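These notes are about the structure you will find just below.
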Amino acid sequence: MRAPALLLLAVVSLTMAACATPMATPGPSIGNLQRLRKADVPQMALGDFRLAPGLPVAMDRRVNVRGSTVTSPTGGSYALFLKETLAAELQAAGKLGAASGIVIAGELTESEANAGIDVGVAKLGATFVVTRDGREVYRKPLRVEESWTSSFYGAVAIPMALNQYTGLYSKLVTRLLEDPEFVAAIRP
Amino acid sequence: MRGDSAEIVMGGIMTFAKTRLRALMVSLCLGLASLVFGGQSALAASYVDPALKDVPAEARVTKASPQPVQILFQFQTDGAPNERATKYLKTLVIDTVTASGLFSEVSETPVASGAVISVTINNVVKDLKDATAQGFVTGLTFGLKGSLVTDHYTCTVEYVGGPDAEKISRSVNHAIHTTLGIKTPPEGMVKSKNIAEAVTTMARQAVSNSLNQVAADPAFGGIVPAAPAPAAPAEAPAPAAPAATPVPAELPEPPLTPAPTPGQ
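These protein sequences, in sequence, are chains B and D.
Quick note on my numbering: the first sequence kicks off at 22 and runs consecutively.
Quick note on my numbering: the second sequence kicks off at 326 and runs consecutively.
The structure is reproduced here in structure tokens:
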């Protein structure tokens with residue numbers, strides 16, 4: 022009687038390992054670094070990044086993957102994590118300047134991760150706004166989505182999903198930096 | 326590498342998905358005793374695939390006047406960032422690039438010339454169902470029916486000499502084989518002291534080989550030895566051998582019985 026119970030307990034712990042993990046610190050990519058340098062754009066400042074109006078606060082704080090989540094290291098806000106991801110790219114390229122008249126702001130519009138038995142899906146979206154000396158020159162909603170082969174086992178499926186979700190932040194920033202309209206808006 | 330054994334366990338084996346799952350399944354069946362060992366199981370042994378070795382001194386590319394370079398490094402699991410492993414291996418990767426002598430300084434911040442080197446090590450996860458099943462059986466038989474799990478890695482080094490320079494990119498494949506329970510290791514393997522040593526050896530060899538291949542590109546401007554010794558057996562038909570060209574998305578199984586002469 023005891024053995025089956027222990028086995029069941031172990032299986033449950035494998036499939037439902039609920040916890041909160043800090044998100045990986047954003048790292049710049051050589052692709053974005055070169056993209057920024059080749060575009061010959063000036064330094065930029067970062068403005069407010071927040072949850073888009075009308076959306077539930079929980080969207081900015083928590084994605085739920087089988088009871089587990091990742092927490093943003095920047096004030097617990099995913100919108101601020103997006104800002105940090107963009108800052109890391111600009112910093113690595115030498116394009117981040119707090120005194121710049123070009124200011125990028127963002128509103129988080131979508132944040133989701135699911136780890137199914139077979140397939141996992143993660144989505145992230147934001148509306149980016151660029152102002153030059155206070156005048157809006159760019160506003161565009163952008164989104165990225167990723168799917169992958171998931172697993173029945175929580176010990177595998179949960180970290181996989183949370184890693185994939187975290188990776189979307191770099192991909193969304195890449196989507197912004199490679200947008201020709203964005204580049205045109207920030208060029209001197 | 327630095328850090329106590331707990332950090333090594335957390336930063337090492339526990340970051341590599343396939344091995345972790347197998348160890349977990351073994352632990353599940355072995356019960357409390359192996360849980361005490363953090364799910365790693367005292368029955369585990371790790372082997373770095375011998376198909377890829379350290380770059381021999383006579384094959385190393387040199388640079389007449391090394392310049393500073395900015396480095397970016399990321400460890401990935403199936404293409405997604407893995408911060409724990411990135412932190413664990415970052416110092417080793419920077420040290421390996423520095424030790425190549427190809428750069429006068431390796432910095433994490435931008436350098437005047439705009440030169441950048443990016444190192445990515447991707448732990449490719451595959452056959453999870455098979456790993457699960459084998460690990461379960463190993464645990465259920467208390468290790469009497471052992472199993473072998475292979476973690477595959479693709480290391481990509483990309484280099485740009487400046488803002489307008491063309492990117493040079495090279496990738497190599499590597500692998501770590503881990504036996505759990507009573508299992509004869511693949512022929513020609515040299516056992517690592519522990520999983521931490523296996524991981525650091527894998528990373529050092531993968532980075533130094535791909536970096537040397539980048540430096541051998543004419544666009545890099547390095548001095549290539551007249552008759553470079555191959556870093557791996559020429560006829561190794563496998564993913565674990567260095568790949569000068571971009572590696573395929575789907576990796577074939579690495580050779581488990583290659584080198585007649587083991588190891589490093």
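C-beta: ideal position from N, C-alpha, C; glycine also.
The structure presented is a predicted model; accordingly, all values stated were derived computationally and were not measured.
Would you please verify whether the beta carbon of residue i is less than 8 Å from any beta carbon of chain D?
i	result
Lys-161 (chain B)	no
Met-181 (chain B)	yes
Lys-59 (chain B)	yes
Ile-138 (chain B)	no
Thr-187 (chain B)	yes
Gly-48 (chain B)	yes
Cys-40 (chain B)	no
Ala-66 (chain B)	no
Leu-198 (chain B)	no
Ile-207 (chain B)	no
Leu-45 (chain B)	It is worth fixing the name first, because residue 45 (chain B) is Ala in this sequence and not Leu. Output row for Ala-45 (chain B): interface = yes.
Leu-145 (chain B)	no
Leu-101 (chain B)	no
Leu-54 (chain B)	yes
Quick one, which of the options has its alpha-carbon nearest residue i's?
i	options	result
Ser-191 (chain B)	B:Pro-201, B:Ala-41, B:Thr-95 and B:Gly-52	B:Gly-52
Pro-381 (chain D)	D:Asp-542, D:Asn-537 and D:Thr-423	D:Asn-537
Lys-388 (chain D)	D:Pro-488, D:Gly-404, D:Thr-423 and D:Leu-473	D:Thr-423
Gly-97 (chain B)	B:Ala-178, B:Gly-48 and B:Phe-70	B:Phe-70
Ser-371 (chain D)	D:Asn-407, D:Lys-415 and D:Thr-475	D:Thr-475
Arg-164 (chain B)	B:Ser-121, B:Val-62, B:Asp-200 and B:Ala-119	B:Asp-200
Thr-445 (chain D)	D:Ala-437, D:Val-394, D:Gly-404 and D:Ala-523	D:Gly-404
Arg-153 (chain B)	B:Ala-143, B:Leu-197, B:Ala-60 and B:Ile-125	B:Ile-125
Val-269 (chain D)	D:Phe-428, D:Glu-383 and D:Asp-379	Given a span of 326 to 589 for chain D in the structure shown, any question on residue 269 (chain D) remains unanswerable.
Tyr-413 (chain D)	D:Ala-544, D:Ser-535, D:Asp-542 and D:Ala-528	D:Ala-528
Ala-176 (chain B)	B:Ala-136, B:Leu-72 and B:Pro-49	B:Ala-136
Glu-110 (chain B)	D:Arg-385, D:Thr-434 and D:Ala-369	D:Thr-434
Leu-397 (chain D)	B:Ala-73, B:Thr-46, B:Leu-76 and B:Val-84	B:Thr-46
Val-482 (chain D)	D:Ser-535, D:Leu-427 and D:Asp-542	D:Ser-535
Val-431 (chain D)	D:Leu-417, D:Gln-395, D:Arg-409 and D:Thr-402	D:Gln-395
Ser-168 (chain B)	B:Tyr-174, B:Tyr-159, B:Gly-141 and B:Gly-88	B:Gly-141
Answer with yes or no whether the minimum CB distance from residue i to chain B is below 8 Å.
i	result
Leu-355 (chain D)	Residue confidence is low: Leu-355 (chain D) scores 49 on pLDDT, short of 50, so the model does not pin down where it sits. Its coordinate-derived value is still stated next. No, because no Cβ of chain B sits closer than 8 Å to the Cβ of Leu-355 (chain D).
Ala-405 (chain D)	yes
Glu-408 (chain D)	yes
Ser-472 (chain D)	no
Leu-397 (chain D)	yes
Thr-402 (chain D)	yes
Ala-568 (chain D)	Note on Ala-568 (chain D): pLDDT 38, under 50, position unreliable in the model; no value is reported.
Ser-535 (chain D)	no
Ser-390 (chain D)	no
His-441 (chain D)	The question names His, but residue 441 (chain D) is Val in the sequence shown. Val-441 (chain D) counts as touching chain B.
Ala-531 (chain D)	no
Taking DSSP as the reference, what is the three-state secondary structure of residue i?
i	result
Thr-170 (chain B)	strand
Asp-489 (chain D)	coil
Lys-59 (chain B)	helix
Asp-403 (chain D)	coil
Val-151 (chain B)	strand
Gln-395 (chain D)	strand
Glu-199 (chain B)	coil
Ala-410 (chain D)	helix
Val-539 (chain D)	helix
Arg-87 (chain B)	coil
Leu-427 (chain D)	coil
Ile-207 (chain B)	helix
Ser-50 (chain B)	coil
Met-80 (chain B)	helix
Arg-164 (chain B)	strand
Pro-180 (chain B)	helix
Glu-383 (chain D)	helix
Met-65 (chain B)	strand
Whole-angstrom Cβ separation of residue i and residue j, contact assumed at under 8 Å?
i	j	result
Thr-421 (chain D)	Val-532 (chain D)	5 Å
Val-91 (chain B)	Leu-189 (chain B)	With a Cβ gap of about 11 Å, Val-91 (chain B) and Leu-189 (chain B) do not count as contacting.
Ser-132 (chain B)	Leu-117 (chain B)	That belief does not hold up - the Cβ atoms of Ser-132 (chain B) and Leu-117 (chain B) are roughly 24 Å apart, past 8 Å.
Val-497 (chain D)	Leu-377 (chain D)	6 Å
Phe-501 (chain D)	Ala-523 (chain D)	The question names Phe, yet the displayed sequence has Ile at residue 501 (chain D). Correct: roughly 5 Å between the Cβ atoms.
Could you name the residues of chain E that residue i contacts, counting a contact when the two beta carbons are closer than 8 Å?
i	result
Val-449 (chain D)	Among the chains of the structure shown, chain E does not appear; the protein chains present are B and D.
Residues within the segment 413-438 of chain D neighbouring chain B, beta-carbon criterion of under 7 Å
Pro-435
Closer than 9 Å, Cβ to any Cβ of chain D: which residues of the segment 105-136 of chain B, in chain order?
Gln-112, Ala-113, Ala-114 and Gly-115
Contact list for the segment 74-99 of chain B against chain D, Cβ threshold 7 Å
none
Chain-ordered residues of the segment 473-503 of chain D with a beta carbon less than 8 Å from chain B
Glu-483, Val-485, Pro-488, Asp-489 and Lys-492
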